Amino acid sequence: MSILEQGFDQIKREYIFPIIEKKLIESQKQDLLNLGIGDVALPLIEPAATAFIQAIHAMQERPIGYPPAHGDQALKEAIFNLYYKGYNLDVSDIFISDGINSDLGNLQELVSADATFGLHEPSYPVPFDVCLMAGRKEHLTILSTDGSTCFLPHPPKQKIDVMYLCSPNNPSGTAMDYQLCQAWVHWANQHHSILIIDQAYADFIQDSNIPKSIYEIEGAKTCAIELRSFSKSAGFTGLRCSYSVVPSTLKHPLKPLWAKRMATKSNGVSFPVQKAALAALTPQGLEASWLQVKHYLTMAEKLSTALQKAGLTTWGAHNAPYVFVKCPEGLSSWDFFDFLLNELSIISVPGCGFGPSGEGYLRLSGFITEKTCNEAIERLNSPTFLKLQNTSCV
Ligand code: PLP
36 MSILEQGFDQ IKREYIFPII EKKLIESQKQ DLLNLGIGDV ALPLIEPAAT
86 AFIQAIHAMQ ERPIGYPPAH GDQALKEAIF NLYYKGYNLD VSDIFISDGI
136 NSDLGNLQEL VSADATFGLH EPSYPVPFDV CLMAGRKEHL TILSTDGSTC
186 FLPHPPKQKI DVMYLCSPNN PSGTAMDYQL CQAWVHWANQ HHSILIIDQA
236 YADFIQDSNI PKSIYEIEGA KTCAIELRSF SKSAGFTGLR CSYSVVPSTL
286 KHPLKPLWAK RMATKSNGVS FPVQKAALAA LTPQGLEASW LQVKHYLTMA
336 EKLSTALQKA GLTTWGAHNA PYVFVKCPEG LSSWDFFDFL LNELSIISVP
386 GCGFGPSGEG YLRLSGFITE KTCNEAIERL NSPTFLKLQN TSCV
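Position 248 (the sequence shown) corresponds to 283 in the numbering used here; numbering is contiguous.
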């Protein structure tokens, strides 16, 4: 009998990136433009880089050992003062981590094996995969969405113990407005459920009808956990730093369990990384981060405009650096991917990589340089692309 955890074997979702990799090799293209990437295209912001180097020098000068397991107090206070003051939360509700991905999976350990979980698709695939890895397939509800709700989920009729939400959503680039957030908070409190909200793109939110934090919503403190990251706005994907907000006011008292888990299974995020994160929250750091965010949003908006000019329907690019585009009539996600690759040498990500409802759509990313963006737009304006489809744009 195998001693291996069977849940890992259940992940049957197509491994999208190896398939893309294979197609790239087969295409033998030299002039490829990568609009498929969800990783940063700009360097680590300067204030963070300087603080990181200074921290390393400090470690050469004196012994600096294990950091506090729940995170450096100064960093937690900076996060609290910037984003969470006024919601009746506490600095100790903030926990520093090495990335949202870790927290998405690790939070599962606080919840019993027979608890029910929910998630929505098309969306970031990690919640689905971690549920399977934890052997929760039988207890999992998947809410499918489409363009009619901008790929955003609405609360179901039934109770689900723990619901993963991603807003702004990857890949659709769309975000839940106040009304929808309120509906989820109401649903969660009514059903005694927990919301785990992945806000990896919180810093990209531009529209005034989109809350920047779930705690802007009345009642959220009793049901919601929020996850945020330095990855996308400050160029931290290679450094790794994020945080969770686990309020002591949750109806299910998860905070002491989370605190215990962190103290037991983690010795904290490294000293220089936390110093770099702290520098990202200074006025200079915030300004540098905003410039990067603005750049990525501009790239996404330019791509979106070019696609609309060609008659395609798009979502996103206002509150997240992604454009989700409906494939031209008769083309599947992979057909459209192949067309862009073979005819325009553009790499994208097929929507079906984010769940079955992503079929028929494709994601283009604003995580690109201006040069790549301009070249891509030139190709999207070419007769080869324009003749592809003639339907009107929404
Ligand atoms: N959540 C979403 C929605 C993402 O798109 C990503 C990365 O692409 C992550 C989380 C990963 O965040 P982190 O780098 O903090 O692990």
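Just so it is clear, CB atoms sit at the ideal spot from N, CA and C, and this is done for glycine as well.
The structure presented is a predicted model; accordingly, all values stated were derived computationally and were not measured.
Local conformation of residue i per DSSP, three classes
| i | result |
| --- | --- |
| residue 364 | coil |
| residue 124 | coil |
| residue 260 | strand |
| residue 381 | strand |
| residue 130 | strand |
| residue 392 | helix |
| residue 197 | strand |
| residue 186 | coil |
| residue 359 | strand |
| residue 69 | strand |
| residue 37 | coil |
| residue 249 | helix |
| residue 346 | coil |
| residue 305 | coil |
| residue 191 | coil |
| residue 426 | Note that residue 426 scores a pLDDT of 42, beneath 50, so its modelled location is shaky and nothing firm can be said. |
| residue 53 | helix |
| residue 167 | helix |
| residue 330 | helix |
| residue 319 | helix |
| residue 202 | coil |
| residue 274 | coil |
| residue 283 | coil |
| residue 116 | helix |
| residue 110 | helix |
Same chain only: Cβ atoms within 8 Å of residue i, ignoring 5 sequence neighbours per side
| i | result |
| --- | --- |
| residue 503 | With the chain covering only 36 through 429, there is no way to say anything about residue 503. |
| residue 215 | 187, 189 |
| residue 41 | 170 |
Contacting residues, own chain, Cβ-Cβ under 7 Å from residue i (five flanking each side not counted)
| i | result |
| --- | --- |
| residue 81 | 323 |
| residue 99 | 93, 306 |
| residue 331 | 356, 401, 402 |
Where the beta strand (DSSP E) through residue i begins and ends
| i | result |
| --- | --- |
| residue 351 | 349-351 |
| residue 179 | 175-179 |
| residue 397 | 396-400 |
| residue 280 | 277-280 |
Enclosing alpha helix (DSSP H) for residue i [first to last residue]
| i | result |
| --- | --- |
| residue 94 | 81-96 |
| residue 44 | 41-44 |
| residue 232 | Unbroken run through residue 232 is the beta strand (DSSP E), 229-233; no alpha helix (DSSP H). |
| residue 240 | No alpha helix (DSSP H) holds residue 240; DSSP gives it neither H nor E. |
| residue 220 | 213-226 |
| residue 407 | 405-415 |
| residue 418 | 418-421 |
| residue 103 | From DSSP, residue 103 is part of no alpha helix (DSSP H); its letter is neither H nor E. |
| residue 209 | Looking at the DSSP string, residue 209 is not in any alpha helix (DSSP H), and its letter there is neither H nor E. |
| residue 291 | 290-300 |
Cβ neighbours of residue i in the same chain (closer than 6 Å, five flanking residues each side left out)
| i | result |
| --- | --- |
| residue 153 | 176, 195, 198 |
| residue 284 | 256, 257 |
| residue 378 | 419 |
| residue 282 | 124, 128, 256 |
Exercise answer, beta-carbon shell around the ligand PLP heavy atoms below 6 Å: Matched residues: 73, 134, 135, 136, 159, 201, 205, 233, 235, 264, 266, 272, 277.
Unbroken stretches of the alpha helix (DSSP H), 4 residues or longer, contained in the stretch 134-162: Here the runs fully enclosed are 135-141.
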